[in-house]
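Chemist: One structure follows; several queries about it will come next.
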Amino acid sequence: MLVQTSLIFFLAYLVALTLGTDVKQCEGGKTKKLDASDVTVSNCDKGTCKLRKKSTVNITMKFTPEVDVKKLTTSVYANVLGIPLPFIGVDGTSACDKVFSADGLTQANCPLKAGETYVYKNSFPVLEIYPKLNLVVHWALTYKDDIACFELPAKIL
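The structure is reproduced here in structure tokens:
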């Protein structure tokens, strides 16, 4: 029985390691590097994320601020040929109501405490007006400076 239980936990651990989205550190990133286990983007596991027009993309990001945070702002843009184009309806919005405690279930809201782990959950529409192209999505949570940040390659279909 103990062997079976251990095997189940080990397999669950392996599955957890493979879940998540391959992300990159933001350019000039001063924040703690996020890895695939920290970020999940719906329908985006490995390689270039495929963002389908008229769909909604869900984002989950686990992060630990290094400073106390009074308010948190979402900064999201598409980097297209070096030009930042903000995601309409998401960029510049408050992130406080989208922050949960480490369990991902209990809403935390702001202020956030340094050294505590939180889970940020949000979604954004891929609007029909967006052109079909390759881009890099830049997603950051900011308070004075970036608190958590990642970038990932994507393609709008």
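Note that the sequence shown covers residues -20 to -1, 1 to 137 in mature numbering (1 follows the signal peptide of the UniProt record, and there is no 0).
For every residue, glycine included, the Cβ atom is placed at its ideal position computed from N, Cα and C.
1) Let me check understanding here. Comparing Cα to Cα, which of V3, A94, N23 and T40 lies closest to D83?
2) Does the beta-carbon distance from T54 to A75 come in below 9 Å?
3) Would you tell me roughly how many angstroms separate the C-alpha atoms of P133 and T86, rounded to the nearest one?
4) If we ignore side chains and look at the alpha-carbon of each, how far apart do V117 and K101 end up?
5) Could you tell me which of S81, I68, K93 and D2 sits nearest to T36, measuring between CA atoms?
6) Who are the near neighbours of F130 in its chain, counting only those whose CB is closer than 6 Å to its CB and skipping five residues on each side?
7) From N114 to P64, what does the alpha carbon distance come to, in whole angstroms?
8) Do you know offhand how far V47's Cα is from V21's?
9) Output the boundary residues of the beta strand (DSSP E) element that contains S81.
10) How long is the line joining the alpha carbons of residue 138 and K112, rounded to whole angstroms?
11) Can you tell me the Cα-Cα spacing of D125 and T44, whole angstroms?
12) Is the separation between the beta-carbon of L107 and that of V79 shorter than 9 Å?
13) Using a Cβ-Cβ cut-off of 7 Å (strictly less than) and excluding sequence neighbours within five positions of K42, which residues of its own chain qualify?
14) E131 bridges to which residues according to DSSP?
15) Tell me whether the beta-carbon of V70 lies closer than 9 Å to the beta-carbon of V56.
Modeler: Taking the definition as stated:
1) Numbered from 1 along the sequence shown, position 103 holds the residue referred to as residue 83. With respect to the C-alpha of D83, the residue from V3, A94, N23 and T40 having the closest C-alpha is T40.
2) As a position in the sequence shown, residue 54 is number 74, starting the count at 1. As a position in the sequence shown, residue 75 is number 95, starting the count at 1. Yes; because the gap between Cβ atoms is below 9 Å, this pair is in contact.
3) Along the sequence shown, read from residue 1 onward, the residue named residue 133 stands at position 153. Along the sequence shown, read from residue 1 onward, the residue named residue 86 stands at position 106. Going from the Cα of P133 to the Cα of T86 covers about 31 Å.
4) To locate residue 117, count along the sequence shown from 1; it is residue 137. To locate residue 101, count along the sequence shown from 1; it is residue 121. Roughly 16 Å separates the two Cα atoms.
5) In the sequence shown, counting from the first residue as 1, residue 36 sits at position 56. Measuring from the Cα of T36, the nearest candidate turns out to be I68.
6) As a first step, residue 130 must be located in the sequence shown, where it is residue number 150. So the list reads V3, L14, V19 and W119, once near-sequence residues are dropped.
7) For the purposes of this step, residue 114 is identified with residue 134 of the sequence shown, where counting begins at 1. For the purposes of this step, residue 64 is identified with residue 84 of the sequence shown, where counting begins at 1. Cα to Cα, the separation comes out at about 13 Å.
8) Looking up residue 47 in the sequence shown gives position 67. Looking up residue 21 in the sequence shown gives position 41. Distance between the alpha carbons of V47 and V21: 26 Å.
9) Here the question's residue 81 lines up with position 101 in the sequence shown. Here the beta strand (DSSP E) through S81 covers V79 to S81.
10) Given a span of -20 to 137 for the chain in the structure shown, any question on residue 138 remains unanswerable.
11) For the purposes of this step, residue 125 is taken as the residue at position 145 of the sequence shown. For the purposes of this step, residue 44 is taken as the residue at position 64 of the sequence shown. Computed Cα separation, rounded: 14 Å.
12) Position 127 of the sequence shown, counted from the start, is the residue given in the question as residue 107. Position 99 of the sequence shown, counted from the start, is the residue given in the question as residue 79. No; because the gap between Cβ atoms is not below 9 Å, this pair is not in contact.
13) Working through the sequence shown from its first residue, we reach residue 42 at position 62. D18, T97 and V99.
14) Numbered from its first residue, the sequence shown carries residue 131 at position 151. K4 and H118, per the DSSP bridge assignment.
15) One-based indexing of the sequence shown puts residue 70 at position 90. One-based indexing of the sequence shown puts residue 56 at position 76. Their beta carbons are under 9 Å apart, which means V70 touches V56 by this criterion.
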